[in-house]
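Enquirer:
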Amino acid sequence: MIATVAIAVIASVWLALSVLNQFKRGHLIARVKRHDALALIPTWTFFAPRPGVTDFNVMYRDCTTSGGFSRWYEMRGERAGRLRAAWNPAKRTGKGITDTCNMLMRLSGHNLGRRIYLQIPYLTLLHYVSTAPRTDVSHMRQFAIVRTTGHDAPRDTTMLFVSALHRL
Amino acid sequence: VSLDTAAELTTTIVMVAVLVGAAEFLVSRAALTSDGFYSWHVLRTQHSWAVRGRLTGRAAQVFEQPGISLLLGAQMGAAVLAIAQSGPIFVWIAIALAGNLAMHVRNTYGLDGSDQMQSVVLSGLLLFHVAPDDTGRKIALGFIAAQAMLSYFAAGYAKLISSMWRDGSAVMGVLDTKSYGNAAATEILRRWPAVSKAACWSTLAFECLMPLLVLTGPTGCLVFIVAGLAFHAGIALTMGLNLFFWSFAATYPCLYLLSTWVG
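Protein chains in written order, with the working numbering: chain A, 3 to 170; chain B, 9 to 271.
In structure tokens, the structure reads:
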């Protein structure tokens with residue numbers, strides 16, 4: 003009997019918090035979500051109210067020992083294969099990049115100053131570009147987030163964010 | 009349909025999602041190394057317990073290579089055994105859920121609604137197996153059904169208040185991206201904008217109204233299930249969101265059970 007009541011309480015509380023989280027209203031759900039490291043409180047508002055109709059592209063360039071800059075290079079992730087309806091490992095990193103860029107763009111609007119360099123999305127992207135090949139004269143590197151539209155031939159290119167230069 | 013049959017079907021279907029999801033991470037394991045996009049050296053800095061303290065070493069053992077690959081392998085093994093209905097199902101569900109939650113703790117980014125639905129379904133199944141009586145088991149499967157209903161209504165409501173979904177440009181916009189795009193579908197929608205509008209409104213109508221069929225009884229629920237499978241198969245084909253099909257289909261046996269209670 004006690005176990006059944008416990009199950010009922012767990013299910014009810016979990017469901018109630020899930021309902022509240024869909025509308026993002028109130029301090030309670032904001033506080034609960036801050037501590038929800040296991041992502042147990044779901045967000046079910048897929049592609050709405052503002053669907054993602056652009057892509058984030060991560061670019062990088064190097065500052066050489068002589069002080070010049072290389073051109074911008076694109077970090078090219080794995081592209082989804084023909085069988086992606088059943089098997090799509092490429093989406094794992096692709097979604098990660100999109101989420102990270104989204105979060106960094108949100109943080110960049112908070113005027114964090116130099117503290118932005120210590121934020122996880124910034125560090126994640128910096129680490130990501132630091133794994134790209136470098137030349138003998140590469141001295142420092144910076145990354146940028148570029149927004150594009152379009153599937154095969156990206157268009158409407160906008161540079162949204164440029165990082166500081168970081169020593170390699 | 010009995011409680012046990014619904015739980016078995018739900019277990020089998022959600023374990024397909026777990027198996028494919030873990031295998032996808034495993035073949036992308038380079039991303040989980042210290043040089044990869046999901047480097048634990050970077051991601052751990054968001055958890056104070058992973059940077060200093062007694063748990064630092066343990067966390068590194070689990071979340072760095074080869075620990076993380078072993079965890080994914082264990083998840084796959086548990087999924088296979090659960091699908092084969094072999095051994096203690098409760099243990100396989102617990103392992104699958106632990107792996108799922110561990111990936112949420114580790115990665116923070118890159119997981120989606122299908123992963124969240126897996127956590128919900130696996131937790132509901134875990135409650136089903138620990139429940140001492142039929143009332144507890146009904147509550148556990150009812151919880152999964154209620155989350156499924158909520159997911160469709162919440163997704164539908166969020167689209168209803170969105171001008172991009174109402175004016176019919178959302179589907180065209182999403183499909184015209186590299187992330188979830190589809191060149192052939194984009195071309196069709198560009199040539200016939202009315203199709204984009206129809207796709208937006210049929211998605212909206214499906215998510216807002218179709219789940220109500222569950223509440224009309226088993227026949228209505230079967231109509232919803234057929235429409236839901238077609239909906240998620242279409243999304244997998246056009247957008248590559250393959251795991252949503254399995255994660256959400258896993259809730260359908262519980263929705264059917266719910267329909268027999270209310271219908």
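We treat Cβ as the ideally placed atom computed from N, Cα and C, and that holds for glycine.
Roughly how many angstroms separate the alpha carbons of residue 181 of chain B and residue 71 of chain B, rounded to a whole number?
Expert: Here residue 181 of chain B corresponds to residue number 173 of the second sequence, with the count starting at 1. Here residue 71 of chain B corresponds to residue number 63 of the second sequence, with the count starting at 1. For residue 181 of chain B and residue 71 of chain B, the distance between alpha carbons rounds to 37 Å.
Enquirer: Determine, using beta carbons only, whether residue 127 of chain A and residue 102 of chain A come nearer to each other than 9 Å.
Expert: As a working mapping, residue 127 of chain A is identified with position 125 in the first sequence. As a working mapping, residue 102 of chain A is identified with position 100 in the first sequence. Result yes, Cβ atoms of residue 127 of chain A and residue 102 of chain A sit closer than 9 Å.
Enquirer: Using CA atoms only, rank isn't needed, just tell me which of B:191, B:251 and B:168 is closest to residue 212 of chain B.
Expert: Numbered from 1 along the second sequence, position 204 holds the residue referred to as residue 212 of chain B. The shortest Cα separation from residue 212 of chain B among B:191, B:251 and B:168 belongs to B:168.
Enquirer: Sorted by chain position, which residues of the same chain lie with C-beta nearer than 6 Å to residue 108 of chain B's C-beta, five sequence neighbours on each side aside?
Expert: Position 100 of the second sequence, counting from 1, holds the residue named residue 108 of chain B. These residues qualify, in order along the chain: 126 and 127.
Enquirer: Is the segment 10-22 of chain B touching the segment 252-261 of chain B in the sense that three or more CB pairs, one from each, lie closer than 8 Å?
Expert: Verdict: yes, contact present.
Enquirer: What residues of chain B sit near residue 91 of chain A, judged by a beta carbon separation below 7 Å?
Expert: What you label residue 91 of chain A is simply residue 89 of the first sequence in a count that begins at 1. Here the neighbours are 32, 35 and 36.
Enquirer: Measure the alpha-carbon distance for residue 12 of chain A versus residue 134 of chain B and round it to whole angstroms.
Expert: Taking the first sequence and counting its residues from 1, the one referred to as residue 12 of chain A is at position 10. Taking the second sequence and counting its residues from 1, the one referred to as residue 134 of chain B is at position 126. Approximately 12 Å between the Cα atoms of the pair.
Enquirer: List, in order along the chain, the chain A residues whose C-beta lies closer than 8 Å to that of residue 173 of chain B?
Expert: As a first step, residue 173 of chain B is located in the second sequence; it is residue number 165 there, counting from the start. Result: 50, 51 and 53.
Enquirer: Taking the DSSP output, what are the residues bridged to residue 199 of chain B?
Expert: The sequence position of residue 199 of chain B within the second sequence is 191, counting from 1. According to DSSP, residue 199 of chain B bridges with nothing at all.
Enquirer: In chain A, which residues lie less than 7 Å from residue 120 of chain B when you measure between Cβ atoms?
Expert: Working through the second sequence from its first residue, we reach residue 120 of chain B at position 112. By Cβ distance, chain A contributes 97.
Enquirer: Whole alpha helix (DSSP H) runs in the segment 190-252 of chain B with 4 or more residues, listed along the chain?
Expert: Complete alpha helix (DSSP H) runs here, min 4: 191-199, 201-217 and 226-247.
Enquirer: Listing by chain order, which chain A residues have their CB less than 8 Å from the CB of residue 245 of chain B?
Expert: Position 237 of the second sequence, counting from 1, holds the residue named residue 245 of chain B. 87, listed in chain order.
Enquirer: Does the contact criterion of 3 or more C-beta pairs under 8 Å hold for the segment 49-63 of chain B versus the segment 120-138 of chain A?
Expert: Yes, the segment 49-63 of chain B touches the segment 120-138 of chain A.
Enquirer: Regarding residue 17 of chain A and the ligand FMN, is the C-beta to nearest heavy atom distance less than 8 Å?
Expert: No copy of the ligand FMN occurs in the structure displayed, which carries no ligand at all.
Enquirer: Under 8 Å by Cβ, that's how I've got residue 120 of chain B and residue 29 of chain B pegged, so tell me the actual separation to the nearest angstrom.
Expert: Locating residue 120 of chain B in the second sequence gives position 112, where the first residue counts as 1. Locating residue 29 of chain B in the second sequence gives position 21, where the first residue counts as 1. Contact flag wrong, Cβ pair sits at about 10 Å.
Enquirer: When burial is assigned at 16 or more other CB atoms within 10 Å of the CB, is residue 115 of chain A buried or exposed?
Expert: Counted from its first residue, the first sequence places residue 115 of chain A at position 113. With fewer than 16 other Cβ atoms within 10 Å, it is exposed.
Enquirer: Let's test the definition: count the other Cβ atoms within 10 Å of the Cβ of residue 112 of chain A and tell me whether it reaches 16, buried, or not, exposed.
Expert: Sequence index remark: in the first sequence, residue 112 of chain A carries index 110 (1-based). By the neighbour-count rule (16 or more Cβ atoms within 10 Å), residue 112 of chain A is not buried but exposed.
Enquirer: Applying a beta-carbon distance threshold of less than 7 Å, which residues of chain B neighbour residue 74 of chain A?
Expert: Taking the first sequence and counting its residues from 1, the one referred to as residue 74 of chain A is at position 72. Here the premise fails: no neighbours, minimum Cβ distance about 17 Å.
Enquirer: In this structure, how does DSSP classify residue 3 of chain A when only helix, strand and coil are distinguished?
Expert: As a working mapping, residue 3 of chain A is identified with position 1 in the first sequence. Residue 3 of chain A falls in the coil class under three-state DSSP.
Enquirer: Name the chain B residues whose beta carbon is nearer than 9 Å to that of residue 153 of chain A?
Expert: Along the first sequence, read from residue 1 onward, the residue named residue 153 of chain A stands at position 151. Neighbours of residue 153 of chain A on chain B, chain order: 183, 184, 185, 186, 189, 190, 191 and 194.
Enquirer: Excluding five sequence neighbours on each side, which residues of the same chain lie with their C-beta closer than 7 Å to the C-beta of residue 226 of chain B?
Expert: On the second sequence, residue 226 of chain B is found 218 positions in, with the first residue counted as 1. Only 264, 267, 268 and 271 meet the Cβ criterion.
Enquirer: Would you give the residue range spanned by the beta strand (DSSP E) that residue 118 of chain A belongs to?
Expert: Residue mapping note: residue 118 of chain A aligns to position 116 of the first sequence, counting from 1. Looking at the DSSP string, residue 118 of chain A is not in any beta strand (DSSP E), and its letter there is neither H nor E.
Enquirer: Within the same chain, show all residues whose beta-carbon is closer than 6 Å to that of residue 255 of chain B, passing over the 5 residues directly before and after it, in chain order.
Expert: The residue you call residue 255 of chain B lines up with position 247 of the second sequence. Closer than 6 Å at Cβ, skipping near neighbours: 25, 122, 125 and 126.
Enquirer: When the Cα of residue 92 of chain B is compared with those of B:16, B:220 and B:156, which residue comes out closest?
Expert: In the second sequence, residue 92 of chain B corresponds to position 84, counting from 1. Looking at the Cα atoms, B:16 is the closest of the given residues.
Enquirer: With distances taken between CB atoms, is the gap from residue 217 of chain B to residue 164 of chain B smaller than 9 Å?
Expert: Taking the first residue of the second sequence as position 1, residue 217 of chain B is located at position 209. Taking the first residue of the second sequence as position 1, residue 164 of chain B is located at position 156. Cβ atoms of residue 217 of chain B and residue 164 of chain B: closer than 9 Å.
Enquirer: Need the endpoints of the alpha helix (DSSP H) that residue 264 of chain B sits in, please.
Expert: Here residue 264 of chain B refers to the residue found at position 256 when the second sequence is read from its first residue. Counting along the chain, the alpha helix (DSSP H) containing residue 264 of chain B begins and ends at 260-270.
Enquirer: Once the 5 residues before and after residue 196 of chain B are set aside, which same chain residues still bring their CB inside 7 Å of it?
Expert: By 1-based counting over the second sequence, the position of residue 196 of chain B is 188. Closer than 7 Å at the Cβ level, and outside the excluded window around residue 196 of chain B, lie 203.
Enquirer: Can you tell which of A:86, A:83, A:66 and A:59 has its C-alpha closest to the C-alpha of residue 77 of chain A?
Expert: Within the first sequence, the letter at position 75 stands for residue 77 of chain A. If we check each option's Cα against that of residue 77 of chain A, A:59 comes out closest.
Enquirer: Given this structure, state the Cα-to-Cα distance separating residue 214 of chain B from residue 50 of chain A, to the nearest angstrom.
Expert: Sequence index remark: in the second sequence, residue 214 of chain B carries index 206 (1-based). Sequence index remark: in the first sequence, residue 50 of chain A carries index 48 (1-based). Approximately 15 Å, taken between the alpha carbons.
Enquirer: Could you say if the segment 95-114 of chain B and the segment 133-153 of chain B meet the contact criterion of at least three C-beta pairs nearer than 8 Å?
Expert: Touching, per the Cβ criterion.
Enquirer: Kindly indicate if chain A contains any beta-carbon less than 9 Å away from that of residue 43 of chain B.
Expert: By 1-based counting over the second sequence, the position of residue 43 of chain B is 35. Yes, its Cβ sits closer than 9 Å to a Cβ of chain A.
Enquirer: For chain A, check one thing: does any of its Cβ atoms lie closer than 9 Å to the Cβ of residue 176 of chain B?
Expert: For the purposes of this step, residue 176 of chain B is identified with residue 168 of the second sequence, where counting begins at 1. It does not; no Cβ of chain A falls within 9 Å.
Enquirer: Mind checking whether residue 40 of chain B and residue 76 of chain B have CB atoms under 9 Å apart?
Expert: On the second sequence, position 32 is the one that residue 40 of chain B refers to. On the second sequence, position 68 is the one that residue 76 of chain B refers to. Yes.
Enquirer: Does the Cβ of residue 62 of chain A have 16 or more other Cβ atoms within 10 Å, making it buried, or fewer, making it exposed?
Expert: Translated into positions along the first sequence, residue 62 of chain A becomes position 60. Per the 10 Å Cβ criterion, buried.
Enquirer: Is it true that the CB of residue 140 of chain A sits closer than 9 Å to the CB of residue 64 of chain A?
Expert: Here residue 64 of chain A refers to the residue found at position 62 of the first sequence. Here residue 140 of chain A refers to the residue found at position 138 of the first sequence. Yes; because the gap between Cβ atoms is below 9 Å, this pair is in contact.
Enquirer: What does DSSP give as the partner residues of residue 163 of chain A in its beta bridges?
Expert: Indexing the first sequence from 1 puts residue 163 of chain A at position 161. DSSP, once it has assigned bridges, lists A:147 as partnering residue 163 of chain A.
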